[in-house]
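Chemist: First to last, the sequence lines map onto chains A and B.
To convert, note that position 143 of the first sequence is 267 in our numbering; the numbers rise steadily by one, no gaps.
To convert, note that position 69 of the second sequence is 193 in our numbering; the numbers rise steadily by one, no gaps.
Virtual Cβ for every residue (Gly too), placed ideally from N, Cα, C.
Being a predicted model, the structure only gives us computed values, none of them experimental.
There are 2 protein chains.
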Amino acid sequence: MTKISYVDKKHSPKKNELVVEFKVKPAKGISMERAAEEIAKESSIGTWTDLATMKPRIAKKLKPSVFSIKGNTIQIAYPLELFEAGSIPQLLSSIAGNIYGMKYLERLRLENISFSAAFVNSFNGPKFGIKGVRKTLGIKDRPLVGTIVKPKVGLNEKEHAKVAYNAWLGGCDLVKDDENLTSMKFNSFKKRVTETLKMRDKSEEETGEKKAYMPNVTAETNEMLRRAKFVKQQGGRYVMIDILTAGWAALQSLREADLGLIIHAHRAGHAALTRIPDYGISMLSIAKLARLAGVDQLHVGAIVGKMHGSEKEVKGIVKGITEKSSHLKSVFPVCSGGLHPGKVEALLKILGTDIIIQAGGGIHGHKKGTIAGAKAMRQAVEAALQGIPAKDYALMHKELAIALKQWGAK
Amino acid sequence: MTKISYVDKKHSPKKNELVVEFKVKPAKGISMERAAEEIAKESSIGTWTDLATMKPRIAKKLKPSVFSIKGNTIQIAYPLELFEAGSIPQLLSSIAGNIYGMKYLERLRLENISFSAAFVNSFNGPKFGIKGVRKTLGIKDRPLVGTIVKPKVGLNEKEHAKVAYNAWLGGCDLVKDDENLTSMKFNSFKKRVTETLKMRDKSEEETGEKKAYMPNVTAETNEMLRRAKFVKQQGGRYVMIDILTAGWAALQSLREADLGLIIHAHRAGHAALTRIPDYGISMLSIAKLARLAGVDQLHVGAIVGKMHGSEKEVKGIVKGITEKSSHLKSVFPVCSGGLHPGKVEALLKILGTDIIIQAGGGIHGHKKGTIAGAKAMRQAVEAALQGIPAKDYALMHKELAIALKQWGAK
């Protein structure tokens with residue numbers, strides 16, 4: 125039988141290899157070397173015992189190499205041939221599959237993936253990206269302002285469209301459905317899309333600005349694609365999808381359908397994988413995969429909002445979805461979750477202007493209602509762009525003044 | 125604005141409500157009551173602030189009720205109307221979505237879901253189930269014996285088919301691809317299926333037993349469906365899918381394609397969600413969802429093998445996928461991961477005979493090769509069924525004797 129060793133600190137990653145970084149806490153009595161060996165084995169060609177069916181040429185061609193072990197961080201270089209071109213599910217079944225369950229380990233986190241150009245080239249990536257989105261909306265430099273229709277669920281189709289209309293009228297560029305609103309008894313997908321797009325057209329005429337509606341198409345794959353095609357037929361420019369609860373295979377199907385619609389990616393459920401610092405899969409890795417799959421916009425965290433996510437982490441994610449990587453376009457980072465006008469200044473200071481600022485409660489919770497809430501948000505953005513403190517800008521802008529009084533200036 | 129309270133300990137769950145049990149560890153300074161309130165809110169109709177757009181009729185109709193808080197466990201009853209009929213992604217975007225990221229919480233685990241009959245009835249569930257699988261294979265009472273072709277990846281199509289042939293010849297009923305083998309440069313899906321099904325036919329003729337091949341169709345949804353149809357055309361009876369890395373929308377698409385193929389579900393990656401006892405999503409919940417979606421066979425853990433998973437947990441999962449639930453058929457539990465003939469007796473003692481015993485290394489690692497390995501496994505099953513200790517049975521069965529010597533009798 126062929127004995128194979130996977131730890132090779134002299135190995136330097138080759139051009140075509142994928143480099144994966146894991147954080148590892150071995151089980152009691154297991155060394156880091158041994159744990160690294162078992163991870164490399166189970167995520168590629170090996171199993172718990174030597175095999176009569178193993179062949180030397182397989183080990184030679186497909187064996188990954190653990191080339192770095194530093195503290196609790198290991199790096200493994202995987203030969204490209206271990207992965208099916210253009211398949212995210214197969215990649216994850218390898219490098220984020222069985223290994224989490226191994227008794228050799230107490231904790232494991234997939235921290236980062238560096239794809240080789242050959243692997244990246246087997247994916248489409250975003251069809252629009254930041255530039256394409258900006259062009260579609262005719263907005264050159266400023267951050268986009270978006271909202272989620274609230275309450276999350278419960279409004280009927282006409283009420284939903286009305287809330288969207290008010291948001292656009294007040295100054296929102298984008299209006300999206302919430303992650304748990306798909307096609308419900310009290311609000312059916314088709315009627316909602318028709319009604320809301322009507323209001324989009326009306327608000328475009330009345331404001332002279334381009335407006336977009338991002339209907340949530342999350343469903344079983346074929347139903348999802350039917351819904352996306354319906355959006356296209358009705359003159360929509362966008363769809364949104366809950367990428368993790370729908371799953372990678374469906375996300376890839378949506379991109380490959382190539383309907384000419386901008387794809388907005390909600391990450392509902394990500395924190396079940398990403399939040400424990402030494403377990404699961406980092407949001408950075410998920411974000412890079414979403415970029416490969418071809419989303420145009422992705423929720424990355426709001427830092428200053430209601431959800432967990434540090435400045436360092438969110439900056440890292442933004443870098444991961446916008447930095448140069450082969451032919452891939454940049455993904456538009458979406459900041460969402462507990463934002464309101466008082467937080468805009470701080471957010472822009474940290475992340476700059478190439479972001480989408482999305483607020484639900486922070487707009488529809490405004491004491492004077494949705495229109496005033498959207499106005500306050502646009503005013504907060506104007507203030508930040510002009511370098512004027514929100515409090516000062518509020519002296520001449522009453523909606524902003526009310527918002528700051530209601531929720532605070534930070 | 126409408127103020128809504130979600131904690132209602134006097135509420136008793138109604139017939140149509142879904143009851144979800146969470147384990148909760150609030151953030152510092154947050155009470156369990158407050159944490160429960162925020163979870164119920166964010167997973168249904170609310171957000172972090174009161175809304176101008178909220179309407180009393182929405183709260184009345186759609187508000188969930190936290191009806192139990194005991195220690196760190198809470199139970200919430202959700203009105204049926206919050207969920208789209210027949211959609212697992214939408215359900216998870218609600219009850220396993222944003223809530224994991226909330227700053228109010230330090231830890232959160234979705235522990236269990238009790239579906240109402242009305243919700244269950246919106247899903248097909250398994251097409252075959254345990255009875256249908258047994259009928260297809262002509263095996264009445266005994267546990268099925270399965271193997272995974274090993275090494276996981278690296279064999280070409282003919283080598284793969286040959287290993288499968290040897291496994292069937294030695295006594296395996298089922299042969300499956302590994303979770304990371306899909307369509308590779310060195311082993312293409314179509315050629316592998318054709319070659320391996322040829323060997324299946326040959327082994328059926330030679331052994332007089334029914335044999336099945338479970339090719340891994342995991343891919344982008346449309347490609348996955350094309351692969352499944354190809355399997356059907358070629359006379360296959362089964363497909364396997366990595367349900368978590370492909371995702372729920374694709375899994376539902378596979379079942380809804382209704383190709384007359386038994387669906388074998390691999391759970392690669394589950395432990396990233398399931399393993400931390402107070403975080404993520406329990407395997408029990410995932411298993412129940414997989415049953416709704418319609419898998420016929422599901423990996424549940426091996427207890428005595430190489431992977432994490434206690435006896436109590438695995439028994440709970442088996443119960444969850446086989447107990448009476450509306451029209452749903454029972455899912456065949458698959459025990460896999462580090463099994464070998466020496467472990468069969470202990471496994472059957474714990475789980476009984478309505479299981480599939482799957483061994484990869486424990487068959488292809490046998491000193492005398494795959495045929496002998498499969499023989500040893502069947503012998504171990506015979507011994508256990510006859511109530512004869514494996515060691516005694518080994519006196520008259522040399523393949524078993526070698527396996528026990530090689531890996532131990534326990």
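According to the Cβ coordinates, are A:I495 and A:E435 closer than 8 angstroms?
Modeler: Position 371 of the first sequence, counted from the start, is the residue given in the question as residue 495 of chain A. Position 311 of the first sequence, counted from the start, is the residue given in the question as residue 435 of chain A. No. Outside cutoff.
Chemist: Which residue's Cα is closest to the Cα of A:F313: A:N290, A:V341 and A:D516?
Modeler: Here residue 313 of chain A refers to the residue found at position 189 when the first sequence is read from its first residue. Per the Cα distances, A:V341.
Chemist: Give a yes or no on whether the minimum CB-CB distance between B:W372 and chain A is below 8 angstroms.
Modeler: For the purposes of this step, residue 372 of chain B is taken as the residue at position 248 of the second sequence. Nearest CB-CB separation between B:W372 and chain A: below the 8 angstroms threshold.
Chemist: Starting from B:E145, trace the beta strand (DSSP E) in both directions and tell me its first and last residue.
Modeler: Your numbering for residue 145 of chain B matches position 21 in the second sequence. Per DSSP, B:E145 belongs to the beta strand (DSSP E) from L142 to P150.
Chemist: For B:P556, does the three-state DSSP call read helix, strand or coil?
Modeler: Any answer about residue 556 of chain B is impossible in this case: the structure gives chain B only from 125 up to 534.
Chemist: Between B:V424 and B:P457, which are expected to be in contact by the criterion C-beta below 8 angstroms, what is the C-beta distance as a whole number of angstroms?
Modeler: Locating residue 424 of chain B in the second sequence gives position 300, where the first residue counts as 1. Locating residue 457 of chain B in the second sequence gives position 333, where the first residue counts as 1. About 5 angstroms separates the two Cβ atoms, so the contact holds.
Chemist: Check distances from the C-beta atoms of the segment 466–491 of chain A to those of chain B and list, in chain order, the residues that come in under 9 angstroms.
Modeler: G484, G485, G486, H488, G489, H490 and K491
Chemist: Give the interface partners of B:I405 over in chain A, defined as CB-CB distance under 8 angstroms, in chain order.
Modeler: Translated into positions along the second sequence, residue 405 of chain B becomes position 281. Near B:I405 (Cβ distances below 8 angstroms), the residues of chain A are A396.
Chemist: Measure the Cβ-Cβ separation of A:L378 and A:I386 and say whether it is below 8 angstroms.
Modeler: The sequence position of residue 378 of chain A within the first sequence is 254, counting from 1. The sequence position of residue 386 of chain A within the first sequence is 262, counting from 1. Going by C-beta atoms, A:L378 is not nearer than 8 angstroms to A:I386.
Chemist: If I follow the unbroken alpha helix (DSSP H) through B:S136, where does it start and stop?
Modeler: As a first step, residue 136 of chain B is located in the second sequence; it is residue number 12 there, counting from the start. Counting along the chain, B:S136 falls outside any alpha helix (DSSP H), and DSSP gives it neither H nor E.
Chemist: Assign A:M431 to one of two classes, buried (16 or more other C-beta atoms within 10 Å of its C-beta) or exposed (fewer than that).
Modeler: On the first sequence, residue 431 of chain A is found 307 positions in, with the first residue counted as 1. Classification of A:M431: buried, given that the 10 Å Cβ count is 16 or more.
Chemist: Pull up the distance between the alpha-carbon of B:K390 and that of B:W172, whole angstroms please.
Modeler: In the second sequence, counting from the first residue as 1, residue 390 of chain B sits at position 266. In the second sequence, counting from the first residue as 1, residue 172 of chain B sits at position 48. Note on residue identity: the sequence assigns His, not Lys, to residue 390 of chain B. Between the alpha carbons of B:H390 and B:W172 lies a gap of roughly 38 angstroms.
Chemist: Taking 8 angstroms as the CB-CB cut-off, is B:P213 touching chain A?
Modeler: Taking the second sequence and counting its residues from 1, the one referred to as residue 213 of chain B is at position 89. Cβ-Cβ to chain A under 8 angstroms: yes for B:P213.
Chemist: Could you name the residues of the same chain whose beta carbon sits closer than 6 angstroms to that of A:E281, not counting the 5 residues immediately before and after it, in chain order?
Modeler: As a first step, residue 281 of chain A must be located in the first sequence, where it is residue number 157. If we look at A:E281 and ignore the five residues flanking it on each side, its Cβ neighbours are N311, K315, R316 and E319.
Chemist: Is B:D302 near B:I272, with beta carbons less than 8 angstroms apart?
Modeler: Within the second sequence, numbered from 1, the residue matching residue 302 of chain B stands at position 178. Within the second sequence, numbered from 1, the residue matching residue 272 of chain B stands at position 148. Contact flag set, yes.
Chemist: Check whether the Cβ atoms of A:A504 and A:L519 lie closer than 8 angstroms to each other.
Modeler: Translated into positions along the first sequence, residue 504 of chain A becomes position 380. Translated into positions along the first sequence, residue 519 of chain A becomes position 395. Annotated as distal: A:A504 and A:L519, with beta-carbon spacing of 8 angstroms or more.
Chemist: Does the distance from the C-beta atom of A:I237 to that of A:S449 stay below 8 angstroms?
Modeler: Within the first sequence, the letter at position 113 stands for residue 237 of chain A. Within the first sequence, the letter at position 325 stands for residue 449 of chain A. No, the pair does not count as a contact, with Cβ atoms beyond the cut-off.
Chemist: For the candidate residues A:K227, A:I367, A:D297 and A:I219, whose alpha-carbon lies nearest to that of A:F239?
Modeler: For this step, residue 239 of chain A is matched to residue 115 along the first sequence. It is A:I219.
Chemist: Could I get the ranges of all uninterrupted beta strand (DSSP E) runs contained in the segment 399–445 of chain B, with 3 residues as the minimum, in chain order?
Modeler: 421–423
Chemist: Tell me the residue span of the beta strand (DSSP E) that contains B:L298.
Modeler: Along the second sequence, one-based indexing puts residue 298 of chain B at 174. L298 to K300 is the span of the beta strand (DSSP E), which, as asked, contains B:L298.
Chemist: What separation, rounded to the nearest whole angstrom, lies between the Cα atoms of B:A500 and B:E235?
Modeler: Taking the first residue of the second sequence as 1, we reach residue 500 of chain B at position 376. Taking the first residue of the second sequence as 1, we reach residue 235 of chain B at position 111. Answer to the nearest angstrom: the Cα atoms are 38 angstroms apart.
Chemist: Here's a check: name, in chain order, each residue in its chain whose Cβ is nearer than 7 angstroms to the Cβ of A:R351, leaving out the five neighbours to either side.
Modeler: Taking the first sequence and counting its residues from 1, the one referred to as residue 351 of chain A is at position 227. F313, V341 and A343, listed in sequence order.
Chemist: Which value, in whole angstroms, describes the spacing of the CA atoms of B:K268 and A:L416?
Modeler: Here residue 268 of chain B refers to the residue found at position 144 of the second sequence. Here residue 416 of chain A refers to the residue found at position 292 of the first sequence. First, the residue type needs correcting, since residue 268 of chain B is Leu and not Lys in the sequence shown. When rounded, the distance between both Cα atoms is 40 angstroms.
Chemist: In terms of residue numbering, what span does the alpha helix (DSSP H) encompassing B:V257 cover?
Modeler: Reading the second sequence from its first residue, position 133 is the one you call residue 257 of chain B. Unbroken alpha helix (DSSP H) run through B:V257: G253 to L261.
Chemist: Roughly how many angstroms lie between the CA atoms of A:L186 and A:E205, to the nearest whole one?
Modeler: Here residue 186 of chain A corresponds to residue number 62 of the first sequence, with the count starting at 1. Here residue 205 of chain A corresponds to residue number 81 of the first sequence, with the count starting at 1. The straight-line gap from Cα to Cα measures roughly 7 angstroms.
Chemist: Name, please, each residue of chain B whose Cβ falls closer than 7 angstroms to the Cβ of A:T345.
Modeler: One-based indexing of the first sequence puts residue 345 of chain A at position 221. Among the residues of chain B, those whose CB is under 7 angstroms from the CB of A:T345 are T345, A373, A374 and S377, following chain order.
Chemist: Since A:A370 contacts B:G404 with CB under 8 angstroms, what's their CB separation in whole angstroms?
Modeler: For the purposes of this step, residue 370 of chain A is taken as residue 246 along the first sequence, with counting starting at 1. For the purposes of this step, residue 404 of chain B is taken as residue 280 along the second sequence, with counting starting at 1. Cβ atoms of A:A370 and B:G404 stay farther apart than 8 angstroms, at about 18 angstroms.
Chemist: Quick one: what does DSSP say B:D325 is sitting in, helix, strand or coil?
Modeler: For the purposes of this step, residue 325 of chain B is taken as the residue at position 201 of the second sequence. Here B:D325 sits in helix by DSSP.
Chemist: Using 8 angstroms as the threshold, is the segment 223–234 of chain A in touch with the segment 158–165 of chain A, meaning 3 or more CB pairs across them?
Modeler: yes
Chemist: In the DSSP assignment, what are the bridge partners of B:R316?
Modeler: By one-based count along the second sequence, residue 316 of chain B stands at place 192. According to DSSP, which records beta bridges pairwise, B:R316 is partnered with nothing at all.
Chemist: Which residue's Cα is closest to the Cα of B:G253: B:Q510, B:T446, B:I481 and B:I487?
Modeler: Looking up residue 253 of chain B in the second sequence gives position 129. The shortest Cα separation from B:G253 among B:Q510, B:T446, B:I481 and B:I487 belongs to B:T446.
Chemist: Check each candidate in B:G440, B:I487 and B:P180 and name the one with the smallest Cα separation from B:K127.
Modeler: Sequence index remark: in the second sequence, residue 127 of chain B carries index 3 (1-based). Answer by Cα proximity: B:P180.
Chemist: Would you tell me roughly how many angstroms separate the C-alpha atoms of B:W292 and B:G270, rounded to the nearest one?
Modeler: One-based indexing of the second sequence puts residue 292 of chain B at position 168. One-based indexing of the second sequence puts residue 270 of chain B at position 146. Taking the straight line joining both Cα atoms gives about 9 angstroms.
Chemist: Given that a residue counts as buried once 16 or more other Cβ atoms are within 10 Å of its Cβ, and exposed if not, what is B:H451?
Modeler: Position 327 of the second sequence holds residue 451 of chain B. By the 10 Å Cβ count, B:H451 comes out exposed.
Chemist: Return the first residue and the last residue of the beta strand (DSSP E) that B:F191 is part of.
Modeler: The residue you call residue 191 of chain B lines up with position 67 of the second sequence. Here the beta strand (DSSP E) through B:F191 covers S189 to K194.
Chemist: Look at the alpha carbon of B:D382 and the alpha carbon of B:G256, and state the distance between them as a whole number of angstroms.
Modeler: Taking the first residue of the second sequence as position 1, residue 382 of chain B is located at position 258. Taking the first residue of the second sequence as position 1, residue 256 of chain B is located at position 132. Approximately 15 angstroms between the Cα atoms of the pair.
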